[in-house]
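*Asks:* One structure is given below, represented as structure tokens, and several questions about it will come after.
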Amino acid sequence: MTIPDLVGYMAATLTTASFLPQAILTLKTRDTQALSLGMYSLFTAGVLLWLIYGIFLENPAIIIANAITLVLASVILSIKIYNTVRQSRTSQIH
């Protein structure tokens, strides 16, 4: 493994790991009120593009990190959308 490969794997590990605390907290509490729908939508789309880029380059560090992050971001985004729709429906009823 070359030094650039090692740096890539370390960066991928740290970047993905930094996302885990928010993902775990959101999955436990289902509280997404403080999360921006626009930000998470753009973030998830960006991660998808990074994954596609990694596939084009055949770069395992980029592929693995972004595949994991995409799953976590998609779950959080789905919860955020669900909560937003539910809150909107509730406020329309009252």
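Using our numbering, the letters of the sequence shown map in sequence onto residues 121 to 214.
We put the CB at the ideal spot given by N, CA and C, even for glycine.
Taking buried to mean at least 16 other C-beta atoms within 10 Å of its own C-beta, is residue 174 buried or exposed?
*Replies:* Residue 174 is buried by the Cβ-count criterion.
*Asks:* Taking Cβ to Cβ, would you say residue 146 is nearer than 8 Å to residue 199?
*Replies:* It is a contact, given that the beta carbons lie within the stated cut-off.
*Asks:* So for residue 142, helix, strand or coil by DSSP?
*Replies:* In this structure, residue 142 counts as helix in the three-state DSSP scheme.
*Asks:* Identify which residue in 190, 182, 205 has its Cα closest to the Cα of residue 126.
*Replies:* When only C-alpha atoms are compared, the closest one is 182.
*Asks:* Please report the distance separating the alpha-carbon of residue 155 from that of residue 131.
*Replies:* For residue 155 and residue 131, the distance between alpha carbons rounds to 25 Å.
*Asks:* Please report the Cβ distance between residue 164 and residue 194, rounded to the nearest whole angstrom; I am assuming they are in contact, meaning their Cβ atoms lie under 8 Å.
*Replies:* Indeed, because the Cβ distance is near 6 Å, the residues count as touching under 8 Å.
*Asks:* For residue 213, count neighbouring Cβ atoms within 10 angstroms of its own Cβ and tell me buried if that reaches 16, exposed if not.
*Replies:* So residue 213 counts as exposed.
*Asks:* Please identify the residue among 208, 202, 135 whose C-alpha is closest to the C-alpha of residue 190.
*Replies:* That would be 135, whose Cα lies nearest to the Cα of residue 190.
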